[in-house]
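Participant: Residue numbers (my numbering), protein chains in the order written: chain A, 1 to 234; chain B, 1 to 343. Don't be surprised by glycine CBs; every beta carbon is placed ideally from N, CA and C.
(1) Just reading off the alpha helix (DSSP H) that residue 191(B) is part of, what are its end residues?
(2) Tell me the rounded alpha-carbon separation between residue 128(B) and residue 40(A).
(3) Distance, Cα to Cα, residue 340(B) vs residue 186(B)?
(4) Is residue 153(A) buried or exposed, if buried means 16 or more other CB atoms sit within 10 Å of its CB?
(5) Tell me which residues share the same chain as residue 81(B) and place their Cβ nearer than 8 angstroms to its Cβ, disregarding the 5 neighbours each side in the sequence.
(6) Starting from the N-terminal side, write out each stretch of the alpha helix (DSSP H) that is 4 residues or longer and does not extend beyond the region 132-218 of chain A.
(7) What's the gap between the Cα of residue 217(A) and the Cα of residue 35(A)?
(8) Between residue 167(B) and the rest of its own chain, which residues show a CB-CB distance below 8 angstroms, the 5 nearest in sequence each way excluded?
(9) Closest by CA to residue 86(A), which one among 60(A), 209(A), 163(A), 203(A)?
(10) May I ask you to report which of helix, strand or coil DSSP gives residue 201(B)?
(11) Output the boundary residues of the beta strand (DSSP E) element that contains residue 17(A).
(12) Between the Cα of residue 19(B) and the Cα atoms of 176(B), 171(B), 275(B), which residue gives the shortest distance?
(13) Below 8 angstroms, can you find three or more Cβ-Cβ pairs linking the region 188-207 of chain B to the region 96-115 of chain A?
(14) Would you call residue 348(B) buried or exposed, if buried means 16 or more other Cβ atoms sit within 10 Å of its Cβ?
(15) Can you tell me the Cα-Cα spacing of residue 120(B) and residue 61(B), whole angstroms?
(16) Could you tell me whether any non-hydrogen atom of the ligand HEM is closer than 7 angstroms to the CB of residue 170(B)?
(17) Return the residues of the region 101-128 of chain A that lie within a Cβ-Cβ distance of less than 7 angstroms from chain B, sorted by chain order.
(18) Looking only at C-alpha atoms, which of 223(B), 159(B), 4(B) sits nearest to residue 100(B)?
(19) Three or more C-beta pairs closer than 8 angstroms, one from the region 58-73 of chain A and one from the region 218-234 of chain A: is that the case here?
(20) Does the contact criterion of 3 or more C-beta pairs under 8 angstroms hold for the region 295-315 of chain B versus the region 65-84 of chain B?
(21) How big is the Cα-Cα spacing for residue 169(A) and residue 260(B)?
(22) Residues bridged to residue 63(A) by DSSP?
(23) Just to confirm the assignment, what range does the beta strand (DSSP E) spanning residue 81(A) have?
(24) Have a look at 204(B), 164(B), 183(B) and flag the residue whose alpha-carbon is nearest the alpha-carbon of residue 21(B).
(25) For residue 191(B), which residues in chain A fall below 9 angstroms Cβ to Cβ?
(26) Taking Cβ-Cβ distances shorter than 8 angstroms, what residues in chain B pair up with residue 75(A)?
(27) Does the structure place the region 19-34 of chain A close enough to the region 200-210 of chain A that three or more beta carbon pairs sit under 8 angstroms?
(28) Using the rule of at least 16 other Cβ atoms within 10 Å of the residue's Cβ for burial, across every protein chain shown, is residue 109(A) buried or exposed?
(29) Confirm, please, whether the CB-CB distance from residue 157(A) to residue 68(A) is below 8 angstroms.
(30) When you compare only the Cα positions, how much space is there between residue 102(B) and residue 111(A)?
(31) Measure the C-alpha to C-alpha separation of residue 248(B) and residue 155(B) and round it to an integer number of angstroms.
(32) How should residue 173(B) be labelled, buried or exposed, when 16 other C-beta atoms within 10 angstroms of its C-beta is the threshold for buried?
(33) State the Cα-Cα distance for the pair residue 63(B) and residue 180(B), rounded to the nearest angstrom.
(34) Per DSSP, what are the beta-bridge partners of residue 116(B) in this structure?
(35) Which residues of chain A have a Cβ atom closer than 9 angstroms to the Cβ of residue 310(B), listed in chain order?
(36) By the three-class DSSP mapping on this structure, what secondary structure does residue 275(B) have?
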C-alpha cells in the first residue's frame, strides 16, 4: 500500500534520513521504533508531504506521491496524527473534528463519521462544546485521532500517540489503535514506547540515526537479544 | 442555520442604518461639531485599515508590521487616478485597493517561508521600501513634498453637508469591510485561515492548502488597506510619504492588539477609542506620547489579550437573549461551518 525506496532527507546540511526503505501492506499495523532523533517523525512528515526529500520515492497505492503537496496527500487517503497532538487549542471539540472533515465533499456521510468518532470516543461527545485546549492530555490525543479519522484515511500515520500519557491511558489508546485497524484502516505507528508498539504491530522497523538497522515481524523483534537490550530494557 | 443567518444579516443591516442616520443627523444639526465629525470619519478609516491587519495578524496569525505600506500604495494610486486620469472617485478607490492587492500577493510569498519575528521584519522592510519608492517617484507622487490638492468627496457650497458626505463615504466602506471580514471568518475558508493561526502543521495535515490561504489572506488584507488608504488620501486632501512610515504601521498594530487579536468588534471599538484618545491627549502636549505609552503598558498588563480577546459583541446575539429566542439550542453536526453562537 505504501512503499518507500531510497529516501534521503536533509535539514540544511544535516543528513536526517539515509536511504530509508520500507513497506506497509494493506490492513497491517507497522511500527517504526527508535530513540530520540532517529528520524521517525521526519519519516512521517516526509510521507505526508510536510517535508520534501532530496531523493527517493514514496508510492501510495501504486501512485508516486513524493512531490505531491501535503493537502493533496490527505485527499488521497493518508491521515496524520501529529506528534504532540497539535489540536486546535482555541476551537471546540466539534470544530476540531470539523477541521478534520475539511476536505470532505460528502457532507452526509461525514455526519455518520462524526457519530463513528463519538461512539469510539464517548468522552469527546460529552465535551463536544468544550474548548479543546482545556481537555486533558489523553482526551486531546483522542481528539487528535478522531480528527484524523474524519478525513476517512486508508492509511493512518500516528506519531507517538503514547507521548506524555499515564500508563493506563497508553493502554487505552493502543487498544483504540487496534480497533481502528480492525475497522479496515492501515496504521503506520511511530513510537518510543517499543514495548507497547511491538505488542500490537504486525511488523516493525528499527531506526537509528536516520538508518533502518533492523526489521522483521514484531514477534521476531521482541525475541531478538539486541532489541531487548536496547529498547525493551530487559 | 439559514434562518439565523438571515436574522443576523437583517439585524446588522438595520443596526448600521440606524447608527448611520443618528450620527449623520447629529452632525448635520450640529450636535456633533465639525471637529468631532472629523474624528468619527477618521475612526472609520482606522476601522477599515485595522480590520485589514486583523485579518492577517489576528485571524491568520502572521505578524505584519508594514500595513501602512499597503495604505500608501492605495492612497497614492487613488489620488493619482483621480487627479491625473480623472477617474470617478469610487472607481479610483477600488483601483487603489486592487493595486495594493498586487503588492499583497508579492509580499504574501515570503510569508510561506518566514514566520513570526522574521516575517515581522520582512514586512517592516516592505513598508520602508514603499516609503522610499514614493519619495523617489517624484514626477508621479510629488516626491518628499507630496501630492497636494486631492479633490474632496464633494464640493457643495455647504461645509456641513460636505462633512456629512465625507463621513458617509467612510462609514459605508467601514460597514462593508466589517461585513466582508465577518462573513469570511464564519465561512469554510475562514475556518481554514483560523486553523493556520492555531497550528500550521496540523492545518496542513488536515488537507488545508496553507500557501493558498496565506496568500489569499494577504491579498484581501492589502486590498482593504489600500481602500482605507484611498479614503485617507481623499479625507486628508494631501499625501506625503511620511504619513505612511513606521509609526503609522505601528499605530495600526496597536489598535489591533488593543482591541484583541481576532476580534472584529474589538478592532472597531479600539479604532474609535484610539482616534479619540490621541486627540484628548493633545492637551498634555509633549507628554502625550508618554501617557499614551503608559496606557498601552497598563492595558497589556491587565488585558493581555486586548479589550475583547478573541470574543465578539453582537447585537443579534444580544437581541436573541433579550427576547429569549433560543431557537439555537445545540450546535449539532448539521451546523458545521455555520455561524458561531453569539455571533
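Facilitator: Judging by the given coordinates:
(1) 188-198
(2) 43 angstroms
(3) Model confidence at residue 340(B) stands at a pLDDT of 39, short of 50, so the residue's coordinates are unreliable; what they give is reported in the following sentence. For residue 340(B) and residue 186(B), the distance between alpha carbons rounds to 7 angstroms.
(4) buried
(5) 87, 91, 92, 95, 96
(6) 137-149, 167-182, 194-200
(7) 19 angstroms
(8) 23, 24, 27, 37, 40, 41, 44
(9) 163(A)
(10) helix
(11) 14-24
(12) 171(B)
(13) yes
(14) Any property of residue 348(B) remains undetermined from this structure, which presents chain B solely from 1 to 343.
(15) 11 angstroms
(16) The ligand HEM is absent from the structure shown, which contains no ligand whatsoever.
(17) 102, 103, 111, 114
(18) 223(B)
(19) no
(20) no
(21) 37 angstroms
(22) 60(A)
(23) 78-81
(24) 164(B)
(25) 91, 95, 98, 99, 102
(26) 207
(27) yes
(28) exposed
(29) no
(30) 40 angstroms
(31) 29 angstroms
(32) buried
(33) 21 angstroms
(34) For residue 116(B), which the question treats as bridged, DSSP gives no partner whatsoever.
(35) 90
(36) helix
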